[in-house]
Each structure stands twice: as C-alpha cells, then as structure tokens.
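Chemist: Those letters in the sequence shown? Residues 43 to 646, by this note's numbering.
Note that CB positions come from ideal geometry on N, CA and C, so glycine has one too.
Treat the numbers as computed from the prediction; the structure is a model and nothing was measured.
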Amino acid sequence: MPAEAAAAHERLMQFLYRAPIGLVETTLDGTIEMINPMSASLLMPLSRDGDLDNLFVALRTVAPQLPDMVGAYEPASGSVCESVRIPLPAGRDFDTATQVLSVSILKLDEVRLMAVVSDVTLEVQREQSGLARRLDAAARTDSLTRMPNRAVVRDLVQRAIERGRSEPSYQFAVLFINCDRFKQINDSHGHLAGDKVLGLMADRMRAKLRLRDRGNRTVGNEPMAGRLGGDEFVVLLDDLRSPEDVHSAAQRLLNVLGQPYTVAAQQLHLTVSMGVVLRAQATGDADAALQDASIAMVEAKRAGGARYVVFEPSMHERTARRGEVESDLRRALTANQLFVVYQPVVALQTPTSADCLPAHAAGVEALVRWRHPTRGIVPPVEFIGIAEECGMIGAVGEFVLATACHQFVQWQRSLGRLAPRLLAVNLSRGQLGDPGFVDMVSGILRSSGMQAAQLQLEITESLAAQDKSVQDRLRDLKMLGLSLALDDFGTGYSSLSSLHQFPVSTVKIDRSFVSEAVSSAHHRVLIEATVRVAASLGMATVAEGIETQAQADRVKQLGCDKGQGYVFARPLSAVDLALWLVGKVDPSAKSTSPLAEENPLSVP
43 MPAEAAAAHE
53 RLMQFLYRAP
63 IGLVETTLDG
73 TIEMINPMSA
83 SLLMPLSRDG
93 DLDNLFVALR
103 TVAPQLPDMV
113 GAYEPASGSV
123 CESVRIPLPA
133 GRDFDTATQV
143 LSVSILKLDE
153 VRLMAVVSDV
163 TLEVQREQSG
173 LARRLDAAAR
183 TDSLTRMPNR
193 AVVRDLVQRA
203 IERGRSEPSY
213 QFAVLFINCD
223 RFKQINDSHG
233 HLAGDKVLGL
243 MADRMRAKLR
253 LRDRGNRTVG
263 NEPMAGRLGG
273 DEFVVLLDDL
283 RSPEDVHSAA
293 QRLLNVLGQP
303 YTVAAQQLHL
313 TVSMGVVLRA
323 QATGDADAAL
333 QDASIAMVEA
343 KRAGGARYVV
353 FEPSMHERTA
363 RRGEVESDLR
373 RALTANQLFV
383 VYQPVVALQT
393 PTSADCLPAH
403 AAGVEALVRW
413 RHPTRGIVPP
423 VEFIGIAEEC
433 GMIGAVGEFV
443 LATACHQFVQ
453 WQRSLGRLAP
463 RLLAVNLSRG
473 QLGDPGFVDM
483 VSGILRSSGM
493 QAAQLQLEIT
503 ESLAAQDKSV
513 QDRLRDLKML
523 GLSLALDDFG
533 TGYSSLSSLH
543 QFPVSTVKID
553 RSFVSEAVSS
563 AHHRVLIEAT
573 VRVAASLGMA
583 TVAEGIETQA
593 QADRVKQLGC
603 DKGQGYVFAR
613 PLSAVDLALW
623 LVGKVDPSAK
633 STSPLAEENP
643 LSVP
C-alpha cells in the first residue's frame, strides 16, 4: 500500500475509533469483525462473560428481536432498522434501567452488517421530562375552555390566602361565577351549543377582563380566571389597591359575559350570577373561600340573577337553615306530611242562562301545604323555592296534581251540579324543564278519570316567555286537551301588547292591582285595559286576592269574569270545601279543618 494511501487509511481508522458513537461491523449472524472503543464501552456491560464476539448474543437479553429483523430483510443492502431504543438494566441483576441505547442496523451487502450504537439516555430523560410537563399541564387545564381547572384554582386561592396572612396590605378577591339558565341552552340547542358558549365565555374572560380604577388605570396584576366544571367559573383578582376595586371588576364581568353569544348563526342570550369573597372574609382555607363565594352566588340567583353579591357571614345561617328545610322536605315527601287545600274561584258576572250552574262552583285552585311534626304548618314561601333548587319540585308538583285530580273526580261524583267545574294547579320552571312532565300529566288524568278539559295549569309571565323548549312543552300540554292560565299578570315584564303571544286561555290579574282597585284610578285603568285586551283575544280574566266586598264590586264593574280571595273563602280542606259548596260553611270564616291555613301561596 502506498504511503499516502496507508496514511489515509490510518486517519480513517483513527476517526472511526475516536468517533463519539459506537460502530460495529458484523456478519449476517452478528459475528463482530470490527468494533470501535465507543461500541465496546456501551456494549461491554451487557456481556456477562466480558466477551464481545457476537453483537446479537450481547444484546439478546435486551433486544432479542434483532436477528429476526435482519433475517426478514430481503434487499441486498439498506436500512434494517433505525434508532431502536434499548433500556439497559442498572446491574447484572437487571433490577432497574438507568441507561438507554439506540441501535441502528444497516445491511452493507450480502454478507456484512454495520451497527451504529449510541447512548440516548439524556435525550430520553429530556423527552420524559417534557412529557411529564405536558401531562401535568393537561391535568391542570380544562380541556374545553383551555383555562386552569379546579386544582389550579384552589392552589392559587390558597396562595393568595396565605400571602394575605403574612402581608396585611395585600388585597385580593375571589369571584364565583355561575350561568343563569344554562340548562335551557343545553336543552334547547344541544350540548355542543352549550360547550361553544362556555368556550366563548372563557375567551371573553381572557381577552376582556382587566381590572381598572375609576380613572381607567390598570389596577393590580392581571386577574386569573379558571373553570371549576360545568358552567362554574372562578376569577381571582390579585393584588388589589383597595377592596372597593372589586366592584368595578365584578360589574365589568357581568356586562361582558351578559352580551349575546353567536352560535351556529343564532344569538343566544345568557346572564351570570356572581358571588364575591374579599380578603377580609377569607378566614379559612381555599375550599372555605370557594364555598363562601358559591353561597353568595346562590344569593345572587335568588335575587333574580344577572348580578353580584358580596358574601356576608350571616349567609351561612341561611344556608344551614335551607339545608335543614331540604332534609326535612325529603322526609315529608315519604312521610305524607304534605297535603292539599283548595281555594274557590267564583264567577263575578251575571249568568246569561237561567239554568246555569251556581256562581260559586266556577272552580278551585289547589294549594300545597306542609304539616311539619315540630314546626306545625309550614307556608309554601318557606319551602317551594328550596324544592326548586334541590330538584324536589317535580315530586312535590306531581303529588299536588295527582291528589287534586283524584279529589276533583270525587267531588264530581258526590256533589253533582254543585261540584267545581274547573281545577287550577300551578306549574313551576322545574316541572316544565322535565322531559317526562307531559307524560306524567297524561298519566294522572288517566288514572284519576278526570277530563282534561276540566284541568287548568297556571304559569307565570316569566315562565310563559321562556325559550323554545318551554314553549314546546306548553304546546304539548295543550294538545292533551287541558287549558293554560297566565298567573300573576302585571308583575312581570310583559305588556298588554304581547299578551297575544302567550298560549293561554285565562289571565289572572295579580292581587297587587286588585288591592288598589277601589282607591287608585290608575290601577282601575290597568285592570280594565287587561280585561278588554284579554276579551279581544278570547281569554277569560280572574281577579286574584279579593279581600273586601268593595274590591269584588269594583273588579266586577271593570269586567273581570271571575274572582278569587278571602272575601269568598280562604283555602279549605277537601271536606270543608264540599261543605262550603253546599252552603254549610261561612265563607268569611277560617276552615274548620286544621289542615287549612291562611297563607294562600301556591305551587310555587
């Protein structure tokens, strides 16, 4: 070999032997013909006897698949495998893996292989560390909104509380946000639309929420917003200059989140209720602060929603009281403590037929009552709202409807022409939100034998003006043959011009108007206008809460078809109502039954 060629060969061999990666030349069966020091260093720990005669033998405990891969590779040359990662045991006992090798095998020709061996331990560690970080981030991020999830929210609130204990000047606030009527969006437009709205809400909080003072200057750090789950969000206002700054931030949030949401070319309207806990009120841990903020949020919902309420310690007592009522009410449903009383509805106008039925038999309204074993009679105002919140209103409403329908049929059989001609039962939002409600009403009509035309279900203005799902439910109810009445008309936001939009046949004028009918010309005009508009639409009218004969005479003069109130009769038990219908009970007297009491509130 010429000197120059020999020198080049020597340089090549030096390069191969000093290369920072392992190089091994073998036969097809793995017999090693050439190996550089790096390969020997990497492979020697795998050789139990310190012999590196065969690559496949050295790797058979950690990569037994390599001989088969070579045997299955048919081309005369080419890549057999690339970057096969091989975890190496820590010791001869193969207990734990601390090192990872990468092996690539190239077929040089019909008889030779070239193996490239490298240590990729650090690379694998970096990958595992990155994966761990991504998994941790995923575990702490809400997948729908890409916001911090409950665990992160709790950690940040806890840090704020601990910092507040060590820094007296540090101010923060926790805002607990819950959507108003979010279930109606899911029911009416589907869960995909609901998810889209939640995503849009998160975008608005990220993009729009900046805490500013009255001079429009940024206050404190950028607020943190996270999603607890469902339609619940939390905002942590950090490092406030003053506790008063939270009010502008809360109102800003209400305004931003209350704007319409465009989903699938539709505009969906949604408001939120918010509970606020200030640093001075956060005396416990993060869980306690979030719970207090949630309690204040519920108070905001009870006040009508679309507002914020700052937490007060007295709310704990009210919450505990509601919890007691809820627990007692669950027992009441199974212990037969609920019962129904009936208030007559009387015809006011002079009959046009000589053989018409008695005016006082026009109808009755069914009202629920609760006989508590220690508290006595509990008025509906104390438990109907709680039944709505905890999901028991369906069971309460079903009990009232079933009881009243069966009782109505009994009156028909026992009293004949003196029996009431119509039964009125109130509906709640919770009942109409139940997909099985219409079937339940149909089943009660069948089981009781009551004619659907004799049943009138009463709804409030706000309920009648609900979204499409409620409107569809009302239409399905009318298809059963029963009638609908608009209860407490005049107390909501509807005007006489929109009365034609409601699927009702009767309008019940609220007691607040009736009570002023004698003394207020303004209220008389409103009552007369309601009567005239209702009559033009083919609707009957009922004046509620008539307490004096003068009020009865006035609403009769104004054209009301029927009246209801203490001047005719208080709510009566089924037995007393039957006696009243046949003239054996003084209409001005209280019921002789201990089951009836004065509060005329109905369901709900």
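Assign His233 to buried or exposed, taking buried as 16 or more other Cβ atoms, counted over all protein chains shown, within 10 Å of its Cβ.
Modeler: Translated into positions along the sequence shown, residue 233 becomes position 191. Flag for His233 reads exposed.
Chemist: Applying the 10 Å Cβ sphere with the 16-neighbour rule, what's the burial state of Ala100?
Modeler: The residue given as residue 100 occupies position 58 in the sequence shown. Burial call: buried.
Chemist: Considering only residues of the region 111-175, which uninterrupted beta strand (DSSP E) runs meet the minimum length of 3 residues and lie entirely inside it, listed in chain order?
Modeler: For the region 111-175, whole beta strand (DSSP E) runs of length 3 or above, ordered along the chain, are 120-131, 139-149 and 154-161.
Chemist: Could you tell me which of Val560, Ser562, Val549 and Glu586 sits nearest to Ala577, measuring between CA atoms?
Modeler: Residue mapping note: residue 577 aligns to position 535 of the sequence shown, counting from 1. Per the Cα distances, Val549.
Chemist: So, helix, strand or coil for Ile219, using DSSP?
Modeler: To locate residue 219, count along the sequence shown from 1; it is residue 177. Looking at Ile219 - three-state DSSP - the assignment turns out to be strand.
Chemist: In or out: Val239 buried (at least 16 other Cβ within 10 Å) or exposed?
Modeler: For the purposes of this step, residue 239 is identified with residue 197 of the sequence shown, where counting begins at 1. With 16 or more Cβ atoms within 10 Å of its Cβ, Val239 is classed as buried.
Chemist: One question on the structure: do Leu371 and Ala331 come within less than 9 angstroms of each other, judged by their Cβ atoms?
Modeler: On the sequence shown, position 329 is the one that residue 371 refers to. On the sequence shown, position 289 is the one that residue 331 refers to. No; because the gap between Cβ atoms is not below 9 angstroms, this pair is not in contact.
Chemist: Kindly identify the DSSP beta-bridge partner or partners of Val352.
Modeler: Translated into the one-based positions of the sequence shown, residue 352 becomes position 310. DSSP lists Val318 as partners of Val352.
Chemist: Determine which residues share a DSSP beta bridge with Asn96 and list them.
Modeler: The residue you call residue 96 lines up with position 54 of the sequence shown. Bridge partners of Asn96: Thr73.
Chemist: To the nearest angstrom, how far is it from the Cα of Pro302 to the Cα of His311?
Modeler: Position 260 of the sequence shown, counted from the start, is the residue given in the question as residue 302. Position 269 of the sequence shown, counted from the start, is the residue given in the question as residue 311. For Pro302 and His311, the distance between alpha carbons rounds to 5 angstroms.
Chemist: Output needed for Gln498: all residues of its chain with C-beta closer than 6 angstroms, excluding positions within five of it in sequence on either side, in chain order.
Modeler: Counted from its first residue, the sequence shown places residue 498 at position 456. Closer than 6 angstroms at the Cβ level, and outside the excluded window around Gln498, lie Leu464, Ala466, Ser525 and Ala527.
Chemist: Is DSSP giving Val573 helix, strand or coil here?
Modeler: As a first step, residue 573 must be located in the sequence shown, where it is residue number 531. In this structure, Val573 counts as helix in the three-state DSSP scheme.
Chemist: Going by CA-CA distance only, name the one from Leu150, Ser144, Ser171 and Ile588 that's closest to Val162.
Modeler: Position 120 of the sequence shown, counting from 1, holds the residue named residue 162. Answer by Cα proximity: Ser144.
Chemist: Quick one: does Pro131 have its CB under 9 angstroms from some CB of chain C?
Modeler: No chain C appears in the structure shown, which is made up of a single protein chain.
Chemist: Quick check on Ser525: does DSSP put it in helix, strand or coil?
Modeler: As a first step, residue 525 must be located in the sequence shown, where it is residue number 483. Correct three-state label for Ser525: strand.
Chemist: Tell whether a beta-carbon distance below 9 angstroms holds between Met581 and Leu541.
Modeler: Taking the sequence shown and counting its residues from 1, the one referred to as residue 581 is at position 539. Taking the sequence shown and counting its residues from 1, the one referred to as residue 541 is at position 499. For Met581 and Leu541, yes; Cβs fall inside 9 angstroms.
Chemist: Going by beta carbon distance, what residues of the same chain come within less than 6 angstroms of Met76, once the five residues before and after it are set aside?
Modeler: Taking the sequence shown and counting its residues from 1, one reaches residue 76 at position 34. Same-chain partners within the cutoff: Glu67.
Chemist: Classify Asn297 as helix, strand or coil using the three-state DSSP reduction.
Modeler: Position 255 of the sequence shown, counting from 1, holds the residue named residue 297. Helix, per DSSP.
Chemist: Three-state secondary structure (DSSP) at Asn468?
Modeler: As a first step, residue 468 must be located in the sequence shown, where it is residue number 426. Looking at Asn468 - three-state DSSP - the assignment turns out to be strand.
Chemist: Just tell me which of Thr304, Gly206 and Ala105 has its CA closest to the CA of Asp281.
Modeler: Here residue 281 is taken as the residue at index 239 of the sequence shown, counted from 1. Selected option, being the one with the closest Cα: Gly206.
Chemist: From which residue to which residue does the beta strand (DSSP E) around Ile419 run?
Modeler: Locating residue 419 in the sequence shown gives position 377, counting from the first residue. Gly418 to Val420 is the extent of the beta strand (DSSP E) around Ile419.
Chemist: Cβ of Gln452 within 9 angstroms of Cβ of Arg413?
Modeler: Translated into the one-based positions of the sequence shown, residue 452 becomes position 410. Translated into the one-based positions of the sequence shown, residue 413 becomes position 371. Their beta carbons are not under 9 angstroms apart, which means Gln452 does not touch Arg413 by this criterion.
Chemist: Val609 to Ile588, Cα distance in whole Å?
Modeler: Along the sequence shown, one-based indexing puts residue 609 at 567. Along the sequence shown, one-based indexing puts residue 588 at 546. Val609 and Ile588: Cα-Cα distance of roughly 6 angstroms.
Chemist: Examine the Cβ distances between the region 600-609 and the region 568-576 and report whether three or more of them are shorter than 8 angstroms.
Modeler: In short, these stretches touch, since the Cβ pair count reaches three.
Chemist: Going by beta carbon distance, what residues of the same chain come within less than 8 angstroms of Phe425, once the five residues before and after it are set aside?
Modeler: Residue mapping note: residue 425 aligns to position 383 of the sequence shown, counting from 1. If we look at Phe425 and ignore the five residues flanking it on each side, its Cβ neighbours are Val367, Leu371 and Trp412.
Chemist: For the beta strand (DSSP E) containing His414, list its first residue and its last residue.
Modeler: Numbered from 1 along the sequence shown, position 372 holds the residue referred to as residue 414. Residues Gly405 to His414.
Chemist: Output yes or no for whether 9 angstroms exceeds the beta carbon distance between Ala444 and Ser490.
Modeler: On the sequence shown, position 402 is the one that residue 444 refers to. On the sequence shown, position 448 is the one that residue 490 refers to. In this structure, Ser490 lies closer than 9 angstroms to Ala444 by Cβ.
Chemist: Using a Cβ distance threshold of 8 angstroms, determine whether the region 271-288 contacts the region 212-231, with at least three qualifying pairs required.
Modeler: Cβ pair count under 8 angstroms is three or more, so yes.
Chemist: Whole angstroms is fine: what's the gap from Gly607's alpha carbon to Ala594's?
Modeler: Translated into positions along the sequence shown, residue 607 becomes position 565. Translated into positions along the sequence shown, residue 594 becomes position 552. So the alpha carbons of these two residues sit roughly 9 angstroms apart.
Chemist: Identify which residue in Leu108, Thr187, Glu558 and Pro422 has its Cα closest to the Cα of Ala408.
Modeler: On the sequence shown, residue 408 is found 366 positions in, with the first residue counted as 1. Minimum Cα distance to Ala408 is reached at Pro422.
Chemist: Please state whether DSSP places Ala594 in a helix, a strand or coil.
Modeler: Your numbering for residue 594 matches position 552 in the sequence shown. It is helical.
Chemist: Put Lys626 into one of helix, strand or coil per three-state DSSP.
Modeler: Start at 1 with the first residue of the sequence shown, and residue 626 comes out as number 584. Coil, per DSSP.
Chemist: Would you call Pro477 buried or exposed, if buried means 16 or more other Cβ atoms sit within 10 Å of its Cβ?
Modeler: Here residue 477 corresponds to residue number 435 of the sequence shown, with the count starting at 1. With fewer than 16 Cβ atoms within 10 Å of its Cβ, Pro477 is classed as exposed.
Chemist: Using 8 angstroms as the cut-off, classify the Cβ of Ile128 as near or not near the heavy atoms of the ligand GTP, replying yes or no.
Modeler: Summarising the ligand content, the structure contains no ligands, and the ligand GTP is consequently not present.
Chemist: Is Arg455 helix, strand or coil by DSSP?
Modeler: By 1-based counting over the sequence shown, the position of residue 455 is 413. Of the three classes helix, strand and coil, the one that applies to Arg455 here is helix, per DSSP.
Chemist: Using the beta-carbon count (16 or more within 10 Å), is Asn297 buried or exposed?
Modeler: As a first step, residue 297 must be located in the sequence shown, where it is residue number 255. The residue is exposed, with fewer than 16 neighbouring Cβ atoms inside 10 Å.
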